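K.L.:
Dropping the structure in here first, questions after.
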Amino acid sequence: MVEGHKHERNAIMAKAKAKKAVSCYVRCSTAEQNDRLQRQAIRRWLKAEGIGQARWYADKATGRNGNRPQWKRLLKAVQQGEVGTVVCWKADRCSRSLRDASNLYADLIRRGVRFVSLTEGFDLGTPAGKAMAGMCATFAEYEWAIRRERQVAGIQAAKAAGKRWGGSRKGWSKISEADQRKMRNLYAKGVSKAALARQFGLTWPTVHKIVGKTRHNTPRTPVSAA
Numbered sequence: 002m003v004e005g006h007k008h009e010r011n012a013i014m015a016k017a018k019a020k021k022a023v024s025c026y027v028r029c030s031t032a033e034q035n036d037r038l039q040r041q042a043i044r045r046w047l048k049a050e051g052i053g054q055a056r057w058y059a060d061k062a063t064g065r066n067g068n069r070p071q072w073k074r075l076l077k078a079v080q081q082g083e084v085g086t087v088v089c090w091k092a093d094r095c096s097r098s099l100r101d102a103s104n105l106y107a108d109l110i111r112r113g114v115r116f117v118s119l120t121e122g123f124d125l126g127t128p129a130g131k132a133m134a135g136m137c138a139t140f141a142e143y144e145w146a147i148r149r150e151r152q153v154a155g156i157q158a159a160k161a162a163g164k165r166w167g168g169s170r171k172g173w174s175k176i177s178e179a180d181q182r183k184m185r186n187l188y189a190k191g192v193s194k195a196a197l198a199r200q201f202g203l204t205w206p207t208v209h210k211i212v213g214k215t216r217h218n219t220p221r222t223p224v225s226a227a
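In this note's numbering, the protein residues as written are 2 to 227.
Rendered as structure tokens:
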């Protein structure tokens with residue numbers, strides 16, 4: 002069994018090397034000094050694996066920040082079939098959430114790309130790594146289901162309390178005919194749509210729907226400055 006696992010791992014590694022590039026990704030947040038420790042750990046791994054050349058990608062951004070140009074550049078290289086192995090110091094350097102990580106692992110497995118995270122000892126090139134990816138997918142689905150359940154419960158609670166879900170501002174259908182006439186009269190006298198939106202607690206598009214055609218029916222008389 003051990004020999005079989007070793008053979009499978011070697012086969013995946015050979016396939017990864019045949020795909021040319023080993024890509025190393027490092028990321029530090031704005032609160033951190035630098036990525037020196039990450040680079041040192043990755044270089045030690047490269048040396049132990051007998052890998053002489055590698056591509057490096059580095060971003061300076063927080064984990065929740067989606068604007069990571071170097072990570073996007075690495076993913077583009079993966080999609081173009083230029084990458085055989087992606088190695089990082091820690092898995093959270095690459096993914097922003099459990100669901101994000103699950104999607105990443107599934108895509109890399111599908112493309113035959115090896116993913117190595119040094120801190121966790123995580124390697125998609127091994128059966129244990131693939132099993133870990135499956136567990137991540139399971140937990141990500143569970144996390145999504147719990148979040149969805151809480152969202153539905155929140156909506157139901159808001160409706161039970163008489164609140165309109167999706168915002169506190171009223172829609173056009175909630176405005177009385179008297180208020181709509183008042184708004185049209187004020188607009189005809191020169192009050193701006195933005196001012197009407199503030200006064201009646203509406204959005205500008207809703208005000209526009211109510212008074213939008215007024216100017217064609219009633220001449221607007223600008224309100225003189227006080």
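Ideal Cβ placement from N, Cα and C applies to all residues, glycine included.
All values reported here derive from a predicted model rather than from experimental measurement.
Assess contact between the stretch 47 to 55 and the stretch 75 to 83, defined as three or more Cβ pairs (one per stretch) separated by less than 8 Å. Is contact present?
P.N.:
The stretch 47 to 55 vs the stretch 75 to 83: no contact.
K.L.:
When we look at the beta-carbon of Gly155 and count the other beta-carbons within 10 Å, is it buried (16 or more) or exposed?
P.N.:
Here residue 155 is taken as the residue at index 154 of the sequence shown, counted from 1. So Gly155 ends up on the exposed side.
K.L.:
Can Ala92 and Thr120 be called in contact, C-beta distance under 9 Å?
P.N.:
In the sequence shown, counting from the first residue as 1, residue 92 sits at position 91. In the sequence shown, counting from the first residue as 1, residue 120 sits at position 119. Yes; because the gap between Cβ atoms is below 9 Å, this pair is in contact.
K.L.:
Please list the terminal residues of the continuous alpha helix (DSSP H) segment that includes Arg44.
P.N.:
Numbered from its first residue, the sequence shown carries residue 44 at position 43. Here the alpha helix (DSSP H) through Arg44 covers Arg37 to Glu50.
K.L.:
Look up Asp60 in the DSSP assignment and give the residues it is bridged to.
P.N.:
By one-based count along the sequence shown, residue 60 stands at place 59. DSSP lists Arg28 as partners of Asp60.
K.L.:
Quick one: grab the DSSP three-state call for Gly155.
P.N.:
Your numbering for residue 155 matches position 154 in the sequence shown. Gly155 falls in the helix class under three-state DSSP.
K.L.:
Closest to Val192 by CA distance: which of Ala179, Val208, Ser177 and Glu178 is it?
P.N.:
The residue you call residue 192 lines up with position 191 of the sequence shown. For the residues Ala179, Val208, Ser177 and Glu178, the minimum Cα distance to Val192 belongs to Val208.
K.L.:
Is Thr86 buried or exposed, if buried means 16 or more other CB atoms sit within 10 Å of its CB?
P.N.:
One-based indexing of the sequence shown puts residue 86 at position 85. By the neighbour-count rule (16 or more Cβ atoms within 10 Å), Thr86 is buried.
K.L.:
Excluding the 5 residues preceding and the 5 following Gln181 in the sequence, name in chain order all residues of the same chain whose CB lies nearer than 6 Å to its CB.
P.N.:
In the sequence shown, residue 181 corresponds to position 180, counting from 1. Same-chain partners within the cutoff: Ile211.
K.L.:
Using the three-state DSSP reduction, which class does Gly130 fall into: helix, strand or coil?
P.N.:
Working through the sequence shown from its first residue, we reach residue 130 at position 129. Looking at Gly130 - three-state DSSP - the assignment turns out to be helix.
K.L.:
By how many angstroms is the C-alpha of Ala158 removed from the C-alpha of Lys194?
P.N.:
Locating residue 194 in the sequence shown gives position 193, counting from the first residue. Locating residue 158 in the sequence shown gives position 157, counting from the first residue. Taking the straight line from one Cα to the other gives about 33 Å.
K.L.:
Considering only their Cβ atoms, is the gap separating Trp46 from Val88 smaller than 9 Å?
P.N.:
If you number the sequence shown from 1, residue 88 lands on position 87. If you number the sequence shown from 1, residue 46 lands on position 45. Going by C-beta atoms, Val88 is nearer than 9 Å to Trp46.
K.L.:
Apart from the five residues just before and just after Arg28, which ones in its own chain have a Cβ nearer than 6 Å to its Cβ?
P.N.:
In the sequence shown, counting from the first residue as 1, residue 28 sits at position 27. Around Arg28: Asp60 and Arg94.
K.L.:
Tell me whether Trp90 is buried or exposed, calling it buried when 16 or more other Cβ atoms sit within 10 Å of its Cβ.
P.N.:
By one-based count along the sequence shown, residue 90 stands at place 89. The residue in question, Trp90, is buried, as its Cβ has 16 or more Cβ neighbours within 10 Å.
K.L.:
Which whole-angstrom value is the C-beta distance of Val114 and Val84, which I expect to be below 8 Å?
P.N.:
Against the sequence shown, residue 114 aligns to sequence position 113. Against the sequence shown, residue 84 aligns to sequence position 83. Sure, about 6 Å apart at Cβ, within 8 Å.
K.L.:
Less than 8 Å between the CB atoms is what I'm expecting for Ala198 and Thr204, so what's the real figure, rounded?
P.N.:
Locating residue 198 in the sequence shown gives position 197, where the first residue counts as 1. Locating residue 204 in the sequence shown gives position 203, where the first residue counts as 1. Yes, they are in contact, since the Cβ atoms of Ala198 and Thr204 sit about 6 Å apart, within 8 Å.
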